[in-house]
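Before any comments, here is the structure.
Numbering (my numbering), first residue to last: 5 to 595.
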């Protein structure tokens, strides 16, 4: 409350009170003069009556002025309670009386009320109301309990007489209630009821403990019977023993919760039996009832917004179902869109789904509880900041994954070469691409790395146009190139999984100092089996060359035939083959 305003009010109130006293004295004098006048002196009588009317009008104006000032202070002025016998508030005082402040008045009146209980003759009609010069007094015999002033009446918007009657009834009720509560018969009943409550709560705790002990034994007896553990497919999340332990732990927690709840409910009942502790009962019940009431009230007030959110979620759910239906139709090929491939359907749906959900959240956000609070907004900004800076690398991989999807560089199962890694694509996620190499190694490559590397796809055109595999053999100049062509083509045709049509072909890739490089090229459709195809092709090339007596020599092999055996395996040589001897030719010069 504004102290300066209150002091100004009290000063003004004192001035109004002095003026009221003066006007009251003047009014009494005029009334006396009016009574003393003779009936024939009408002129003087009219003059006195006019003065009385003016004083009455002034009194009405004074009361209106005082009422206006009091009304202006009601929202800021602190009242001081007059308490009863059990620290309960009977009524509140706002104004001073003479030299007594409102607080001093309240304390003195509370003390006087408590002394009334010592009067054994006190009854419903013991207190009386008497009119004083400036107040209405509540008295017991010759003793004044309290005085009700004009200011008290104005604060309560009723007359002094009515306010005094109200205060008298409250005081009488408080005294009689105290005398009844402290009587021997009442105390005996209250103590008896308290003992009964204690016995009931002890028995209740005993039987609660007994019940939960029985339930624990029941749980243990069901091990490997009704309680067989929890399995998720082939994974055992909880075996029977662990599940029993979990149930026993929950049984123990529930037991203590029920016991504490029973005690919590019993204590307010026990405290409520005695007037001195009744306020503790209200406090304990308030700890539960007040939050529950606030929660229910808040939920009821929030219910229209909750219904709006539910309607919005249902509408967007069916929108997503419609988009999902179109996605399935495109993926199956039932719906064809020009320039849109079926394998784009799933990732495109995921993008649209995220955008739709984000838009739904934007629509729902104003209806969320606390969405306008600064704390909620601050936390939202902070989380956005963390997400933006903490997931910068992940976002780049996600974007690269989307780009790769629409570039259609490869699909699951394709044989590819990404940078230095060669293998079959086994997974394309939003963050990485996983490749299984020919050695059964699984390599995870971040999508951003895939985007920054060159990629070779061996499988994309293999089923339709065929993949050309090739290998190079170096043969000396002493072997005719036509024979070499026939040998290599024959070796290719012998190889399993190499296509007969288109026919294999040979290219001479270089003419070196010591040998010719022949490259055999052949078509295959099984791009994922290149390692096996190459191995079989190399075997067949060796067999075909050996059958035709063609030696596959090292690039710098020196072919000295005199005295040296051929490099062709013995299985391919004639049975009468013998290594040639050294030939020495001599010339004799004539003398």
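Heads up, the beta-carbon is just placed ideally off N, CA and C, and yes, glycines get one too.
query                                                                                                                             : result
Candidates 151, 430, 440, 127: closest to residue 102 by CA position                                                              : 151
Check whether residue 86 and residue 114 have beta carbons under 7 Å apart                                                        : yes
Residues that residue 426 bridges to, as DSSP identifies them                                                                     : 421
Residue ranges of each alpha helix (DSSP H) within the segment 304-374, 4 or longer                                               : 349-368
Coil, strand or helix - residue 512 by DSSP                                                                                       : strand
Assigned exposure category for residue 488 - 16 Cβ within 10 Å defines buried                                                     : buried
7 Å Cβ cutoff met for residue 255 and residue 220                                                                                 : yes
Residue 272 versus residue 194: straight-line alpha-carbon distance, rounded                                                      : 14 Å
Inter-residue Cα distance where the pair is residue 424 and residue 462                                                           : 14 Å
Chain-order list of residues whose beta-carbon lies under 8 Å from that of residue 395 (same chain, five-residue window excluded) : Since pLDDT at residue 395 reaches only 48, below the 50 mark, its modelled position is unreliable, and no value is offered.
Cα-Cα separation, residue 571 to residue 347                                                                                      : 55 Å
Residue 583, DSSP secondary structure in three states                                                                             : coil
As assigned by DSSP and simplified to three states, the class of residue 461                                                      : strand
Residue 476, DSSP secondary structure in three states                                                                             : strand
Top-ranked residue by Cα proximity to residue 93, from 175, 135, 129, 74                                                          : 175
Rounded straight-line distance, which links the Cα of residue 426 to that of residue 498                                          : 27 Å
Residue 523 versus 253, 531, 479, residue with shortest Cα-Cα distance                                                            : 479
Buried or exposed (CB count within 10 angstroms, at least 16 for buried), residue 65                                              : exposed
Pick from 154, 126, 128 that is closest to residue 139, judged by C-alpha positions                                               : 154
Residue 95 - partner residues in DSSP beta bridges                                                                                : 86
For residue 523, the three-state DSSP class (helix, strand or coil)                                                               : strand
Identity of the residue in 535, 516, 504 nearest residue 526 by Cα                                                                : 504
Collapsed DSSP secondary structure at residue 109 in the structure displayed                                                      : helix
Segment contact flag, the segment 470-484 with the segment 450-457, C-beta cutoff 8 Å, min 3 pairs                                : no
Straight-line Cα distance separating residue 159 from residue 79                                                                  : 12 Å
Residue 403 vs residue 368 beta-carbon contact at 7 Å                                                                             : no
Per DSSP, the bridge partner or partners of residue 212                                                                           : The partner list for residue 212 (beta bridge, DSSP) is empty, contrary to what the question assumes.
Whole runs of the beta strand (DSSP E) within the segment 201-280, excluding any shorter than 3 residues                          : 234-236, 239-242
C-alpha gap between residue 364 and residue 314, whole angstroms                                                                  : 11 Å
Residue from 91, 304, 97 with nearest C-alpha to residue 74                                                                       : 97
At least three beta-carbon pairs within less than 8 Å, the segment 227-244 to the segment 208-219                                 : no
Reference residue 173; option with closest CA among 149, 287, 266, 444                                                            : 149
Rounded separation between residue 145 and residue 135 - CA only                                                                  : 14 Å
Nearest-angstrom Cα separation, counted from residue 429 out to residue 515                                                       : 39 Å
Residue 141 (DSSP reduced to helix, strand or coil)                                                                               : strand
Element boundaries [beta strand (DSSP E), containing residue 100]                                                                 : Per DSSP, residue 100 belongs to no beta strand (DSSP E) and is neither H nor E.
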